[in-house]
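Reading through the structure tokens given below for one structure.
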Amino acid sequence: MDKSVNENTKSTLLKTGFFNRLETLLPKAVLFPTFAIAAIFIYGFIGWTTWISFTDSRLLPKYELAGFIQYITLFTKEPRWWVAVGNLFIFSILFISICIVIGLLLAIFLDQRIRGESFFRTIYLYPMALSFIVTGAAWRWILNPNLGLERLVQQLGFSEFTFRWLVDSHMAIYTIVIAAVWQSSGFVLALFLAGLRGIDPAIIKAAQVDGASLPRIYWRIIIPSLRPVFLSAVIILMHISIKSFDLVMVLTRGGPGYSTDMPATFMYAFSFNRGRLGFGAASAVIMFLAVMAIIIPYLYSELRGTRNER
Amino acid sequence: MRIFKCVLFVLIIFSIFGCQGKGGPGEVEVLHWWTSGGEAASLAVLKQLLEAEGHTWKDFAVAGGGGDQAMTVLKSRAVAGNPPAAAQVKGPQIQLWGDEGVLTNLDDVAKAENWDAILPKVVADIMKYKGNYVAVPVNVHRINWMWCNPAVFEKAGATIPTTWEEFETACQKIQAAGLIPVAWGGQPWQEATVFETIVAGVSGTDFYKKTMVQADPAALESDTMVKVLNTLKMIKQYTDPGAPGRDWNLATAMVIKGEAGMQFMGDWAKGEFTAAGKTPDVDYVAAPAPGTAKQFLFNIDSFIMFKVAKKNEAAQKAMARLILQPKFQEVFNINKGSIPVRMGMSEEPFDAPARLAMKDFSESSRSGDLVPSMAHEMAVMPAIRGAIMDAVTNFYNSDMTAEAAAKQLATAVKAAM
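Chains as they are written, first to last, in this note's numbering: chain G, 1 to 310; chain P, 311 to 727.
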């Protein structure tokens with residue numbers, strides 16, 4: 001009797017042991033391919049690019065290290081690089097702040113329970129359905145002095161009117177901001193609208209009972225409670241602005257001259273058109289470090305935040 | 311299982327027979343970006359000639375980006391150790407590929423076909439790596455053309471200029487008549503095209519060679535260069551505000567429609583006039599750019615040949631031979647609007663601008679005024695070309711002085727060396 005019971009429990013133990021092991025192994029086995037792909041194609045190539053940036057690679061990659069020579073050339077001898085970096089700052093700051101202001105204002109207006117809200121919401125969101133290529137091509141025609149806005153207003157009778165930002169090397173970067181804001185502010189509107197709908201109406205009612213005016217309610221209660229939405233909007237817009245390659249390529253092609261060059265277009269031109277792979281890789285690594293400088297503090301604060309909540 | 315075995319057996323048989331084809335007919339894989347209608351039709355002639363000799367042609371066309379895409383593909387194939395038999399690569403980049411040690415030696419074909427005699431020396435030198443032929447030239451484009459609309463000149467009472475002083479007078483007259491003097495495409499490569507034409511026209515062939523071919527920093531910041539840059543900037547007031555970013559063919563259309571008087575562009579602009587049904591010397595005039603009547607700035611397309619498997623060597627050499635034979639040279643270049651790179655061919659089948667170009671090509675090859683184009687990647691390494699183009703386009707599109715621009719030009723070129 002005892003013996004058979006013992007054997008019985010033993011076999012169930014074995015079985016559960018197997019299933020237990022399978023249960024712990026299966027998620028790992030399923031996750032492994034994606035993990036391996038990410039390790040090779042993201043982190044592997046980050047490492048590869050970094051290595052190339054320390055070599056004297058020209059047309060094809062070479063692997064003998066040559067020290068910091070590419071970085072020194074990049075920072076001391078290449079005026080175009082500084083134009084690209086300056087443009088990135090101008091573009092990111094204006095693009096992110098204008099998008100957030102317009103998106104927030106539109107969201108607040110739409111949140112007033114107006115009639116035809118879904119109609120307006122669709123209109124504002126539509127630009128986002130287009131790719132930057134389409135946006136760029138459309139704005140290139142709109143802003144072209146011979147075809148677009150300037151000509152239209154002149155034909156309306158204001159013959160003195162000029163609007164030539166697109167062809168002016170000092171102002172062309174702002175036309176990229178205009179096109180990018182047009183495209184992305186509807187998306188920010190959607191983010192904020194979702195945030196606004198998530199606020200408990202009881203809080204607003206309570207504030208109204210206390211006699212707070214509507215602007216004051218928005219300024220003191222609603223906008224501060226949208227803080228997480230601000231954060232995600234900034235992060236999303238930031239990566240759009242650092243990746244801004246297609247819009248520049250279509251709208252201005254980096255011109256007039258190279259006045260609207262961005263680090264991404266700079267990197268492409270030098271690594272692939274000019275056979276300076278090492279130099280292009282150095283600029284790519286600098287871009288990568290810039291992104292890390294933003295992402296790491298963000299991740300740090302996020303991770304620490306969740307730990308504290310526990 | 312049985313089907314599987316059958317398939318395997320058939321495959322083995324085929325591979326055995328396939329291997330026996332050594333030395334006989336082979337296959338050439340050709341990487342190129344001639345995909346537009348006329349260009350593709352021109353290249354199909356080469357395919358037919360090759361197939362008539364029993365070889366097979368494997369087309370490997372990569373469209374887009376003016377060859378950038380094709381170069382990216384070629385690099386990855388070469389790195390993987392599996393390059394095509396031939397690829398469309400030109401100018402000093404041939405030397406870069408030579409440095410990689412992947413190119414084959416075509417000297418036996420060159421000797422049998424007497425390439426040294428039928429090609430101008432300056433062209434042959436570009437096709438050689440360390441004294442051996444590694445590439446075959448296909449066609450010649452002349453860069454220093456000025457495309458004029460005679461109706462515009464007539465309306466303004468101006469004559470087609472042959473010097474830069476006359477050019478300015480003509481521009482003033484056309485502007486006074488309410489038309490745009492110069493159809494300008496504001497893209498860096500087009501600005502560089504005009505720039506190098508001015509270098510040749512204002513300061514002569516020797517200075518051109520020193521700056522645009524040898525990239526001598528001292529010459530690049532000399533007073534002569536300042537004069538060239540000032541001439542370039544002078545043209546800006548005779549262009550319209552819509553110029554920045556404009557494609558070259560849209561600028562050509564302005565000349566065709568009579569909105570603008572002239573355009574500086576290579577001879578591929580002729581295709582636009584032909585497509586619009588215009589006749590040379592009646593509806594449009596192709597004149598050498600001011601001061602460059604005797605000079606010939608050339609852009610030559612060529613195929614580099616890679617080392618291939620033994621069985622395909624015969625096919626590859628046949629392709630190299632056929633490219634330079636009169637038959638292909640004639641058909642291809644008439645279709646493409648360029649002129650033959652092989653000298654001494656009959657001018658009969660070509661049109662008026664091409665005949666003038668052919669005459670100037672052989673004359674300039676004797677006088678030494680035949681020079682490679684910087685803007686079209688024939689003269690200097692891509693890195694230096696990029697540096698020159700950056701400096702030129704930045705100068706043209708900003709309020710910089712010509713002196714500062716010349717200094718920047720020299721600094722940028724030194725950094726890119």
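We put the beta carbon where it would ideally sit given N, CA and C, even for glycine.
Please read all numbers here as calculations on a predicted model, not as lab measurements.
- Listed along chain P are Lys-385, Ala-388, Val-389, Glu-410, each with a C-beta nearer than 8 Å to that of Leu-60 of chain G.
- If you draw a straight line from the Cα of Lys-438 of chain P to the Cα of Val-444 of chain P, it comes to about 6 Å.
- For Thr-252 of chain G against Leu-166 of chain G, the beta-carbon gap comes to about 7 Å, under 8 Å, which counts as contact.
- Counting only the Cα atoms, Gly-511 of chain P lies some 22 Å from Asn-704 of chain P.
- Between Leu-353 of chain P and His-342 of chain P, the C-beta spacing is below 9 Å.
- For Leu-406 of chain P, the C-beta contacts it makes with chain G under 8 Å involve Arg-58, Leu-59, Gly-275, in order along the chain.
- The beta carbon of Gly-67 of chain G sits no closer than 9 Å to any beta carbon of chain P.
- For the stretch 360 to 382 of chain P, residues whose beta-carbon sits nearer than 7 Å to a beta-carbon of chain G comprise Asp-378, Thr-382.
- Between Phe-91 of chain G and Val-177 of chain G, the beta carbon gap of about 6 Å places them in contact (Cβ cut-off 8 Å).
- Pro-256 of chain G and Glu-501 of chain P have their C-alpha atoms roughly 11 Å apart.
- Closer than 9 Å to the CB of Tyr-126 of chain G there is not a single CB belonging to chain P.
- Chain order gives the chain P residues near Pro-256 of chain G as Gly-496, Pro-554, Asn-707, where near means a beta carbon separation below 7 Å.
- The beta carbon of Asp-550 of chain P sits closer than 9 Å to some beta carbon of chain G.
- The beta-carbon separation of Val-509 of chain P and Val-538 of chain P, rounded to 5 Å, stays under the 8 Å limit for a contact.
- For the options P:Glu-658, P:Ile-453, P:Ala-466, P:Asp-577, the alpha carbon positioned closest to that of Thr-602 of chain P is the one of P:Ile-453.
- Against Ala-422 of chain P, chain G offers no close residue; the least beta-carbon distance is about 31 Å (beta-carbon pairs closer than 7 Å).
- With its beta carbon at least 9 Å from every one in chain P, Val-248 of chain G lies outside the interface.
- Distance check between Thr-366 of chain P and each of P:Pro-460, P:Ser-386, P:Ala-625 places P:Ala-625 closest, using alpha-carbon atoms only.
- By the Cβ rule, the stretch 608 to 618 of chain P does not count as touching the stretch 587 to 597 of chain P, because fewer than three pairs are nearer than 8 Å.
- DSSP places Pro-682 of chain P in the uninterrupted beta strand (DSSP E) bounded by 680 to 682.
- Nearest CB-CB separation between Ser-259 of chain G and chain P: below the 9 Å threshold.
- Secondary structure of Thr-55 of chain G (DSSP, three-state): strand.
- Secondary-structure assignment with DSSP links Ile-614 of chain P through a beta bridge to P:Ala-397, P:Ala-445.
- With its beta carbon less than 9 Å from one in chain G, Ala-725 of chain P belongs to the interface.
- For Ala-630 of chain P, the enclosing alpha helix (DSSP H) covers residues 620 to 633.
- Per the C-alpha coordinates, the member of P:Ala-693, P:Asp-709, P:Lys-646, P:Ala-720 positioned closest to Ala-351 of chain P is P:Lys-646.
- The Cβ atoms of Met-655 of chain P and Ser-675 of chain P lie no closer than 9 Å to each other.
- The residues Gly-647, in chain order, have a CB closer than 6 Å to that of Gly-581 of chain P in the same chain once the five nearest residues on each side in sequence are set aside.
- Along the stretch 122 to 152 of chain G, going in chain order, the ones with a CB nearer than 9 Å to a CB of chain P are Arg-140, Asn-144, Pro-145, Asn-146, Leu-147, Glu-150.
- Rounded to whole angstroms, the Cβ separation of Val-651 of chain P and Val-433 of chain P is 6 Å, and the two are in contact under 8 Å.
- One finds Arg-58, Phe-270, Arg-274, Gly-275, Arg-276, Phe-279 in chain G with Cβ atoms closer than 9 Å to the Cβ of Ala-693 of chain P, taken in chain order.
- By the Cβ-count criterion, Leu-104 of chain G is buried, with 16 or more other Cβ atoms from all chains shown falling within 10 Å of its own Cβ.
- Taken through DSSP and simplified to helix, strand or coil, Gln-573 of chain P comes out as strand.
- In terms of Cα proximity to Gly-696 of chain P, the closest of P:Val-723, P:Gly-514, P:Glu-673, P:Met-710 is P:Val-723.
- No Cβ-Cβ contact shorter than 9 Å links Arg-276 of chain G with Leu-189 of chain G.
- At a Cβ-Cβ threshold of 9 Å, Ala-282 of chain G and Leu-191 of chain G do not count as neighbours.
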